[in-house]
Amino acid sequence: MTSPEQTRALLESWGKRTAIGALVFGLCVVAGAVIDATAFFRAWLYSYLFILAFPLGSLAILMLHHLTGGAWGKAIRPVLVAAARTLPIVALLFLPVVFGLEREYAWAIEGAADHDHLLAHKRPWLNPTAFVVRAAIYLAIWVAFSLLLPRLMRAAEESSDPIVRRRPVMLSGPGLLILCLLLSFAGIDWAMSTEPQWYSTIYGLIFVVGYGLTGFAFSAYVATKLFDKPPFAAEISLARLHDLGKLTFAFVMLWAYVQFSQLLIIWSGNLAEESPWYLNRISSGWEQVSWALAAFHFALPWLLLLPRTFNRNPRILAAAVSILLLMRLVEAYWLVFPAYHPTGIAPHWLDVVTPVFLAALWASAFIHRLRTGPWPAAAPIPVPTAKEAHA
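Each position in the sequence shown, counted from 1, maps to that position plus 354 in this note's numbering.
Below, the structure written as structure tokens:
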């Protein structure tokens, strides 16, 4: 058993390692941007969609816990708060997406709508100015929530006033609704519009569910690393790991449901403006990615997260959610890159280096905030009774 000071030292060590990794891979990304700007901006787009899910999904779960309660949320509250507080940094990382619009989106190319009636019809929405303004609104509101909610939580913990203590709940109700609504629009703007002739009314919901799944999987992973380290050990028990495993399992099932619903509706409709989106993803090598998602984003996690004993085993739970997090990155790639390479997979080394860089950078910021943020009170040392001491 370690002490809280040793836990902080361990987190500091992890933070230094991730910072070094971010520096090394960041230099590679800069070199790649100079060599091939188009590959850089496209890799940055899908990597950003993946990384944004960590703080935004954590913020959504934090709001959800304020509305529902439960010991599971109390156990991971420091993790959720630390992840949500990285949103200001993640918001700034959106700038490369803005600078590379013409390389990422066909509709952003000047004159693209002149000979395409669909793009001309969507021009009031799909134009660079409107895109940037909407993105700024989404990010500003998310950042405001990420800064305001922890402050209200801290004030509630320090106050005996019932009104002050209820403010986090009062914010979380409308806040969760607004967060999910804006995320739905962001998914349409940032990912679905890479193929502007296609549309799906369930696409935004797929983004919301996927981000929630990322938040739960990430929280469960961190919990497996901290459950035996004070002061987190006082809150993160095997029962709480079981709760997190089941919540992650529920979102795996929900993700599979909404994904299959979209496939079933579009495939049965068999419309020329809808079916090509899936046709591009079940041919020319992309079908291998589709089968990988079915196997490792649904089937294998389903098997690993269903048994009660597996969820109470930190190693198995960590393995299951690690696979899920990796497949969340694969899904982001699967959503975006068939628009650029519909005739077959054409991976670029930046497609690997860029998400690793952003993941290391974000992990470094998260670990710093977790290490310096408020922690649960350490469990008191039990004082033996006279009878126990005599024994």
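Beta carbons: idealized from backbone N, C-alpha and C, even for Gly. Only a predicted model underlies this, so the values are computations on that prediction, with no experimental measurement involved.
Query                                                                                                      : Result
Cβ neighbour criterion (16 or more within 10 Å) applied to threonine 440                                   : buried
Alanine 462 versus tyrosine 565: straight-line alpha-carbon distance, rounded                              : 26 Å
Whole-Å CB distance - proline 550 paired with alanine 460, under 8 Å assumed                               : 6 Å
Helix, strand or coil at tryptophan 368 according to DSSP, with G and I counted as helix                   : helix
Proline 478: first and last residue of the uninterrupted alpha helix (DSSP H) it sits in                   : Careful: proline 478 lies outside any alpha helix (DSSP H) and carries neither H nor E.
N-terminal and C-terminal residue of the alpha helix (DSSP H) that histidine 702 is part of                : First-last for histidine 702: undefined, no H or E at that position.
Alpha-carbon spacing of phenylalanine 572 relative to aspartate 705, whole angstroms                       : 22 Å
Segment contact flag, the stretch 655-662 with the stretch 630-639, C-beta cutoff 8 Å, min 3 pairs         : no
Beta-carbon gap between arginine 590 and alanine 604 smaller than 8 Å                                      : According to the sequence shown, residue 590 is isoleucine rather than arginine. No.
Methionine 607 and histidine 651 closer than 8 Å at C-beta                                                 : no
Three or more C-beta pairs below 8 Å linking the stretch 527-540 and the stretch 489-508                   : yes
Cβ shell of aspartate 468 (< 6 Å), same chain only, five flanking positions each side left out             : none
When Ala407, Leu447, Leu455 are compared against alanine 437, the one with the closest alpha-carbon        : Ala407
Meets three-Cβ-pair contact criterion under 8 Å: the stretch 682-701 and the stretch 375-389               : no
Boundaries (first-last residue) of the alpha helix (DSSP H) holding histidine 469                          : No alpha helix (DSSP H) contains histidine 469, which DSSP labels as neither H nor E.
Beta-carbon proximity of leucine 503 to proline 522, cut-off 8 Å                                           : yes
Presumed contact (8 Å Cβ cut-off) between proline 358 and proline 585, rounded CB distance                 : 5 Å
Whole-Å CB distance - valine 563 paired with tryptophan 496, under 8 Å assumed                             : Actually they do not touch by this definition, with Cβ atoms about 17 Å apart.
Cβ neighbours of valine 707 in the same chain (closer than 7 Å, five flanking residues each side left out) : Phe379, Cys382, Val383, Gly386
Alpha carbon of alanine 540 to alpha carbon of isoleucine 560, nearest angstrom                            : 12 Å
Through-space distance from leucine 647 to valine 684, alpha-carbon basis                                  : 8 Å
Three-state class that DSSP yields for histidine 722 in the structure shown                                : helix
Burial state of aspartate 597, where buried means 16 or more other Cβ atoms lie within 10 Å                : buried
Which of helix, strand or coil DSSP assigns to leucine 678                                                 : helix
Residue burial classification, serine 513 (beta-carbon count within 10 angstroms, cutoff 16)               : exposed
Secondary structure of threonine 440, DSSP reduced to three states                                         : coil
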